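FYI, in the numbering used here the residues of the sequence shown are 177 to 338. A virtual CB, placed ideally from N, CA and C, is assigned to each residue, including glycine. Since we're looking at a predicted model, the values are computed, not measured. Down below is the structure, laid out as structure tokens.
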Amino acid sequence: MTDAARPRFPLVLTVVAVLALALLLTLGVWQAQRLQWKLDLIARSEAAARQAPVPLEALLALEDPEFRQAIVTCRGLNTAPFVELQTIDDGDAGVRLISACPIEGRGTVLIDRGFVPAEVAARPAVRAGAAMPVVIAGVVRRPSPPNALTPPPSGKLFYGRD
């Protein structure tokens, strides 16, 4: 048999196969790390949900208040202005009502007042001066930072939460 008839070793195919294997192994390791991160996140949120609600001021002093239950008193929330955020809840179109709640000496927190289906036309009345205090219990969530693909705010349009 001559050298011309001998099959050549497929070098390019071997390099491509090794690169593909390396890519798949990297993705597998990344998925395993992500699974551990997600399981830790679920365990932290479940542990925080079992704890009793604490005043918001005390929680904000902690290093990691994420997912903890808080109690806050909002003056006038029952008649406060709100924004409507379009959303879908269990397949139904509607809006979430979001109101600002000023915290004395601490700034403002946003309160999600709940989901209103699109077919419900009634909205809470907005009246200035009715400052009845409302005690709210909820879960503290910090906003996720914007990433490299998040556009900067433009006028009254905000693409990231703060």
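Which one of the options has the shortest CA to CA distance from residue i?
i, options, result
"PHE291", "PRO183, VAL311, ASP265", "ASP265"
"GLY267", "ALA294, ILE287, LEU261", "ALA294"
"ARG317", "THR202, ILE287, PRO309", "ILE287"
"THR284", "LEU200, ALA269, THR249", "THR249"
"LEU236", "VAL315, LEU200, LYS332, GLY331", "VAL315"
"PRO219", "PRO186, ARG244, LEU195", "Before going on, a small fix: residue 219 reads as Ala here, not Pro. Per the Cα distances, ARG244."
"THR326", "PHE185, GLN209, GLY336", "GLY336"
"ARG282", "GLU242, GLY252, LEU197, PRO231", "PRO231"
"GLU340", "ARG251, GLN227, GLY252", "Given that the chain is displayed from residue 177 to residue 338, the structure contains no residue 340 and the question cannot be resolved."
Rounded to a whole number of angstroms, what is the C-alpha to C-alpha distance between residue i and residue j?
i, j, result
"ILE279", "ILE247", "12 Å"
"VAL296", "ASP240", "38 Å"
"PRO309", "GLU233", "17 Å"
"TRP206", "ALA225", "28 Å"
"VAL311", "ALA223", "23 Å"
"PRO321", "ALA313", "25 Å"
"LEU201", "LEU189", "18 Å"
"LEU261", "ALA193", "48 Å"
For residue i and chain C, any beta-carbon pair shorter than 8 Å?
i, result
"LEU286", "The displayed structure is made up of one protein chain only, and chain C is not part of it."
Kindly identify the DSSP beta-bridge partner or partners of residue i.
i, result
"ALA246", "VAL230, GLY314"
"ARG251", "PRO309"
Quick check: is any heavy atom of the ligand ADP less than 7 Å from the C-beta of residue i?
i, result
"ARG220", "Judged by which ligands are present, the structure shown has none, so any question about the ligand ADP falls away."
Taking one C-beta from the stretch 282–302 and one from the stretch 248–259 each time, how about it: are there three or more such pairs within less than 8 Å? As far as the Cβ criterion goes, the stretch 282–302 touches the stretch 248–259, which means the pair count is three or higher.
Stretch pair the stretch 213–222 + the stretch 267–276: three plus CB contacts closer than 8 Å
Segment contact: the stretch 213–222 against the stretch 267–276, fewer than three CB-CB distances shorter than 8 Å; contact not assigned.
Which runs of the alpha helix (DSSP H), 4 residues or longer, sit entirely within the stretch 260–332?
The alpha helix (DSSP H) runs lying completely inside the stretch 260–332 and spanning 4 residues or more number zero.
Mind pulling the beta strand (DSSP E) runs of 3 or more residues that sit fully within the stretch 192–218? With a minimum length of 3 residues, no continuous beta strand (DSSP E) run stays inside the stretch 192–218.
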